[in-house]
Each structure stands twice: as structure tokens, then as C-alpha cells.
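Residue 324 in this note's numbering sits at position 55 of the first sequence, and the numbers go up by one each step. Note that the Cβ used here is the ideal one computed from N, Cα and C, for glycine as well. None of the values given here were measured: they were computed from a predicted structure.
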Amino acid sequence: MPIYNSEVARIFDEYADLLEIHGANEYRVRAYRTASRNISYLSHNLSDMIRQGEDLTKLPGIADDLAGKITEIVKTGHLSALEELKKTIPEELIKITRIAGLGPKRAYRLYYGLGISSIRELEKAAREGNIKELPGFGIKLEQAILDDIERRGKLREGRRVLYSAAEEIVQPLLAYLWDAKGVKGVEVAGSYRRGVETVGDLDILITSEKVSDAVDHFTSYDEVERVIARGTTRSSVILRGGLQVDLRVVPEESYGAALHYFTGSKAHSIAIRKRGVRRRLKINEYGVFKGDQMIAGRTEEEVYARVDLPYIEPELRENRGEIEAALRNNLPDLITLNDIRGDLHSHTNLTDGHSSLEEMALAAKKRGYEYLAITEHSKRLTVAHGLNKARLAEQIERIDSLNNQLNGIIVLKSIEVDILEDGSLDLPDDILKKLDLVICSVHHKFNLPREKQTERIIRAMHNPYFMILGHPTGRMIDERPPYDVDVERLIKAAKETGCILELNSQPERLDLDDIYCKMARDMGVMVAINSDAHSTQELDFMHYGVIQGRRGWLEPKNVLNTRSWPELKKLLQKSRKTLVSGAAPGNISEKIGAKR
DNA sequence: GCCGTTTTCGGCCCGACTGTTTTCAGTCG
């Protein structure tokens, strides 16, 4: 059973958590966290590196000690130092540090003072009034603990909200904040601005001539349930529904510095400030300082310029190589919604969609698209009334006739065909061959062992009509984990067989995720960003996919549906001819000119 | 525990806010 990078990263993170509670040197803790983060974004498998005798200390943040620990984990599946530590500190204490107001120090005191090692015990002790008696604790902290436990109960433990749900909250809140007297600027920062698929809280930045008015206006917003902090420059509230919103009021001359600082990510901010330190500059949310003198801060561009970097787009700010790319003058020219020329995945009311064929076509035209692929489910998916060969043949005729009537939009004859358990497709080649486009997806048997699931999909990719792998991991954020599949191998197989991977824009899917998008891009495999719309309105989901794609460093040239229909048609036909004629597997990505 | 334009030891990002304290520790982002 090979150990994956994510497992090594998880073990290092857990070790860091326990070390912190144990009171270890904070920089030692930080070293494990840094290593964990670096490992989880690595595009090479650590197991492979060790087997091939590569030097792990070449990796950032890894020296002899951690290289040894990685080797131990890869060879034995666990870390003995972590097992030892668990004997002195219960691992459940980690959960306690996630409660608002509690961190490692207080968790440790709760454990040694009252023997508390679980949320349940914590709640009981707080209700009985035992916590306020501990030194360093008091009545307010005790109440705050109870409040947070209750809030988590409502929200489900540690839940973050989908980006799309946060978007619904953000729009009216921003409009409301603009109404305050003296407001000169309002912007959302934080993970929302970086386009992260789920948002833990909202960070809003405001510039105003009347600071206290702005804070008053904010805290009296109709949706505010509770005010949890109220300072002169910062204020935090909990909205109905449980989402926390932090407001920061900043002066205009600091706006860029503040926006940069509060957009994060934390890792990116730290890396930027370290570059500042090396230049004897102090960078904080008020600006860039040389001694006591402020030398920049009105715009983000100014801040970057002071550490000799070009502007870096928010979606890239994760310290996953964007600073190094900026130094090489090699930042990606990120895709935008305007680059998208069509949608290659949609359904109609013939199967499980809600709009008619004509309605979908016209809605796509209205969005300025050149083409829309109607990709109904295939017969295996009975709950969705999937099409058999005869019904698909009828649909092909309907689309042909619709295309004769329509102007300015082309409907592609397509299918989202099921990949069966043995890796064959749910419809025969003789009908697939009549289509413009074939998406292949896994919709059942999610629980196959990793090896079998991976083989199943790779076998399907060798079918000459396989063009796009739909929602490659099947995950539903917060609802269903991805099926166990080796995505790195899928990307390699896509490269070999000339297949394209989908980035599905349904807000709870966003599958591929950002990290795998970048991996596909780095390996020269193209991505198709599709809405998977089941109604005309859902065509607008495309923008979620574009945001995720930007987080995955995708440029227009990496994305299939930035091509015009004639280009796309030529490429798909060419690719199919190569594959059907039995020649060596072609590579659509290379043919279309995807670089890198 | 890592790292090196302060290079093999000494530093490692920075400030606001709260609560529990009488000057600051802990948490948070």
C-alpha cells in the first residue's frame, strides 16, 4: 500500500498540532507546518522519489531530520515520534484548539487543570462553571466557549460555506456598506477574493472619511445576529446562518497594503514580508516602511514593486510557486470568463435537465457562446432517464434539425456516457461515432479500490471515442469525498491517449480542483471548463469553474473551450481519425498547441 | 527544525483585539 503525499502532509500537520499543545518551540512547529504545506502541493510522489534515490533535502523546508521522518512514514506508514507524543497528549485536544478563543496554550491548561480532552467534556465543564475558575480564564471566555460550541452544532462541525453561497451573502452586504456616509471604497478580501472553493469567513475592507460611522453602519446590518468584536479599526459579527464577517476600516493611503495583507493567503503574505525584511523594509497592513517612513501602500502594485515583484493575481497567492514564477517573469496569463467561447457539458429535460433543447441553445447564444454541447446521460443512469442507442439517434436528428433553424449558435451532438465497472462505455461505438463530442464519466461503483478505479478509467480512455473525462474525481464538496483514484496517473494517461480533463463548474463539484488543474497544466494536458448545466440558469455556473481554473494557473491556451468552433471541430476530427485508424495514440493537447 | 546578501548560529512576519490582568498572554487573521 503506497503512501501518498497527502498522508505525509497530514501526519506532519498532526504532529505540529500536538507539538504546539505540548509547548514546543514555535519555530519547530512552524517547520513541520511549512513542510506539510510544501509536500501537499508537490507534483511528484514522495514514494517514487525515495524509490528512485532522489535527495529529499533538495525540497524546500526539508533538511536531514524531516527527510528521515518522511522516509520512515513512506516505509512504515506511520511516524514513531507522533505515536510517542500521542501517549502524553490525547489527540482529541486538537479539536479543542479549533474552538474560538482557545488555542494550544489554553487547551493544554484545560487538559492539565481539569482533565478535559474532548469537546463534550469541555461543554460540560463550561456549563458547570468550572472553566472560569482556572487561572487565565474568566466568565466571558467560558461563555464564549459555550457560544461557539452551540454555533458549531448549528453549522455542523467546522463547516465552511461554498463559494457560491458566500457570493449570495456578499452582494447585498457590499451594496449595504456603500450606503454608509463617507464611504470611499469597499472590497471583499480574504479567501473569497482568492476564489477559494469554500469560505470560512468574510473579510471586508472599507475606506471611509468617517471611521466610526462605517463601523456603526456595519454592526447594525439587518442580517447581523451577534457582534463579537468592536474596535476602532476592526469589527467582527456573526450573521444569521452562522457566517462570521470581519470588517477592517483603513485609511486611503494604506488601502493597497491592507488589501494585500487581508487577501492573504497567510503563506503568501509571510513570503512577501520576508522579502521585505531582506531589504530592511517592514511590511504591515498600513504600508511598506523604511524605518519610520512610509514609502508605499496606496495600491497593491506599489507593495509588490517594493519587493521587486510584478503584481500577482489574488487567485495565485498561495505560496505555491507564484513568487518564483514572478521572479522568472513567468506568471500565467490567467483565463477569464470572456475567453470562454462555448460550453461542452449540459443536459435538457429529455433526461434529468429542466429546460428544453431549444431553450438551452438560445440561453447559450444569449451568453455570447458560439457552441453548446448537449450531453445527456446514457442508459446506465436510469434515475436520470439516460438515453439508449435509439433515443440518442432521435436526439441527433432533433439537433440536426434545430441547427438548420438557428443562427449564431451551434448545438453539438454529444453524450455524457457512463464508464462501466470494467472500463467499457455504456453505449456502442457505432452510435458514439455519429457524435461531435463524447464526455465519459463515472456515476456508479464509487467504492472500488484505488487500483481498480484508476485502471477502470484508464481503460476507458483507450476507447477511440473517449474525448473528455467528466468530473474526474466525483467529489461533492462537504457531501461526498472523491472516489479513491490516482489522479496523477489519470493525468499521465490523458497525456498518452490525448484525452482532455473536465473542470466541472457546478459549485459543489469544482472538479478538477485547483491543485490538479495546475498538475494537468504542468504536464501539458488540456482542461475543458464546463457548466454541466441542468437548466438555462445553470449555464452561469461557468464563472465558478473559471475562478477555480484561475486558482489552477490555467491560461486560455490550456482550456479547450476557448477555441472557436471551427478550430475545435478540426481538432476533434483530427484527433479521432488518428485514434480510430489505430495509429499511435495522438495527443490532442499537443495538436491544439497547448504549451507546458 | 530550517536556513544563509546578518551563512554553521541566531534568527525565524506583524499588529489588533479580548479578557484577565493591573502590564500582558493568548488568540486570530
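{"query": "Residue burial classification, S615 (beta-carbon count within 10 angstroms, cutoff 16)", "result": "buried"}
{"query": "Spatial distance of V419 from K393 (CA atoms)", "result": "The identity of residue 419 in the sequence shown is Glu, whereas the question assumes Val. Their Cα atoms are separated by approximately 12 Å."}
{"query": "Extent of the continuous alpha helix (DSSP H) to which V480 belongs", "result": "V480 to T488"}
{"query": "Per-residue burial, A659 [other beta carbons within 10 Å of its own, 16 or more giving buried]", "result": "exposed"}
{"query": "Sub-8 Å separation of R503 and D515 beta-carbons", "result": "yes"}
{"query": "Limits of the alpha helix (DSSP H) - the one that N673 falls within", "result": "K658 to Q674"}
{"query": "Buried or exposed (CB count within 10 angstroms, at least 16 for buried), I604", "result": "buried"}
{"query": "Helix, strand or coil at I280 [DSSP, three-state]", "result": "helix"}
{"query": "C-beta contact flag for Y490 and Y461 at 8 Å", "result": "no"}
{"query": "First through last residue of the beta strand (DSSP E) which encompasses H646", "result": "Y640 to H646"}
{"query": "Beta-carbon spacing of K648, I665 below 8 Å", "result": "no"}
{"query": "Backbone secondary structure at T831 - three-state DSSP", "result": "helix"}
{"query": "Distance, L694 Cα to K535 Cα", "result": "45 Å"}
{"query": "Simplified DSSP assignment, three categories, for K450", "result": "coil"}
{"query": "Distance CB(R610)-CB(S833) smaller than 8 Å", "result": "yes"}
{"query": "Spatial neighbours of P583 in its chain, beta-carbon cut-off 6 Å, leaving aside the 5 residues before and after", "result": "R462, R463 and T532"}
{"query": "Rounded straight-line distance, which links the Cα of G692 to that of R728", "result": "5 Å"}
{"query": "CA nearest to the CA of Y273, picked from R302, S316, V298 and E289", "result": "S316"}
{"query": "Short Cβ contact (8 Å threshold) for V439 with L410", "result": "no"}
{"query": "Closest residue to R517 among R509, G511 and A526 (Cα-Cα distance)", "result": "A526"}
{"query": "Per DSSP, cross-strand counterpart(s) of K409", "result": "DSSP lists no partner for K409."}
{"query": "C-alpha distance - S804 paired with S624, whole-angstrom precision", "result": "5 Å"}
{"query": "Cutoff 7 Å; reference G566; Cβ partners in own chain excluding five residues on either side", "result": "E522, S523, G525, A526, Y555, G556, V557 and V572"}
{"query": "V796 and L772 closer than 8 Å at C-beta", "result": "yes"}
{"query": "Bridge partners - N773, DSSP secondary structure assignment", "result": "D780 and N799"}
{"query": "L661 beta carbon less than 8 Å from that of I684", "result": "yes"}
{"query": "Residues that C709 bridges to, as DSSP identifies them", "result": "V686 and L738"}
{"query": "C768 versus L779, P733 and V546, residue with shortest Cα-Cα distance", "result": "P733"}
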